[in-house]
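One structure below.
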Amino acid sequence: MKFGIIVFPGSNCDWDCHHVLTKVFKQKAQFVWHKESKLPSVEALILPGGFSYGDYLRTGAIARFSPIMKEVVAFANRGGTVLGICNGFQVLTEAGLLPGVLMRNAGLKFICETVSLKVENADTRFTKAFALNTVVKIPIAHGDGNYFADKETLDRLEGEGQVVFRYDPINPNGSQRNIAGIINAKGNVLGLMPHPERCSEAILGNEDGRKLFESMIRVSCHVKA
Amino acid sequence: MKAKVFVTLKEGVLDPQGKAVEHALGALGFQEAQGVRIGKYVEMNLNGSDRTTAGARVKEMCEKLLANTVIEAYRFELE
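Going down the list, the protein sequences come from chains A and B. Numbers 0 to 224, taken from numbering that gives the first Met the number 0, label the letters of the first sequence in order. Numbers 0 to 78, taken from numbering that gives the first Met the number 0, label the letters of the second sequence in order.
Here it is in structure tokens:
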């Protein structure tokens, strides 16, 4: 299966994703510079973590207007698989592919630690390999991960099973309803603040992130976009 | 023409930074400072002299980029 990894100025988890996909999972992965106006032929896209454009103005606010984003939005609208990790999640909300916004952490501090997450929906192309309600440990590293949306949006997300990952039991950043990751209504765009690419190898002492990539590889290679 | 844009968190959106500053002001003896909110200030020079057009363009800038209207409100002045 072939992945495209979008690289913005300030992305810093692009190589981590590339490493995990190519070395751990033996898949194909190609970087796509944000100035490109055409996507290569890929079956899934990853918007990696980092600090695109130095987080100027708001996280993801400027990256969202990078030339390649038009193609990313079109790819998503065609049903293509799109994963946004950390800064990638922030870019996806700014681009309107996911609802809500990631605000400054309630405690105002950058948090870099491993947190517990509950898998609340195991029937998505990103989570099929997890058991429902299983609790996994995945690291976070962000200053702006405090998920906010209005009450109607939150109720809709909950009602439609779009809350995929929830901090459990400790909410590290003040996110509404402990939300750590959400999926769009069509089920092809997922954004999450924790970093599964940082915990997908035994040598790192934690492989809880593996199942997310396994799910994508298992399912997304059958989806044409 | 100059545009001055003020972006603040909407009412009802928790502003931990504002709260921290409010506490600090209180500790310094400025107990009268209540409801402190931190925002952003953007200023720019605009080419052209038509105020109506400028107003409409700045509004578009705010909606598209300068503010995220999910959580932020904005206002601007032209001078």
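Using N, Cα and C, we set each Cβ at its ideal position, and we do this for glycine too.
| Query | Result |
| --- | --- |
| Measure from the C-beta of A:E93 to each C-beta in chain B and report whether the shortest distance is under 8 Å. | yes |
| Check for me: the beta strand (DSSP E) holding A:C111 runs from which residue to which? | I110 to V118 |
| Within the continuous beta strand (DSSP E) that includes A:I4, where are the two ends? | K1 to V6 |
| Pick helix, strand or coil for A:L101, following the three-state DSSP scheme. | strand |
| Specify whether the segment 47-56 of chain A and the segment 78-87 of chain A touch according to this definition: at least 3 beta carbon pairs, one from each stretch, less than 8 Å apart. | yes |
| Report yes or no: is there a C-beta of chain B within less than 8 Å of the C-beta of A:F147? | yes |
| How about B:A19: is its C-beta nearer than 8 Å to some C-beta of chain A? | yes |
| For chain B, find out if any of its Cβ atoms is closer than 8 Å to the Cβ of A:T102; answer yes or no. | The identity of residue 102 of chain A in the sequence shown is Met, whereas the question assumes Thr. Chain B contact via Cβ: present. |
| Rounded to whole angstroms, how far is the Cβ of A:I137 from the Cβ of A:P195, which I believe are closer than 8 Å? | 6 Å |
| Closest by CA to B:E76, which one among B:I70, B:C61, B:T68 and B:N67? | B:C61 |
| Determine which residues share a DSSP beta bridge with A:Y146 and list them. | A:L101 |
| Could you work out which residues of chain B lie near A:G99, taking near to mean beta carbons separated by less than 8 Å? | V69 |
| Run down chain B in chain order and give the residues with a C-beta less than 8 Å from the C-beta of A:A60. | L64 and N67 |
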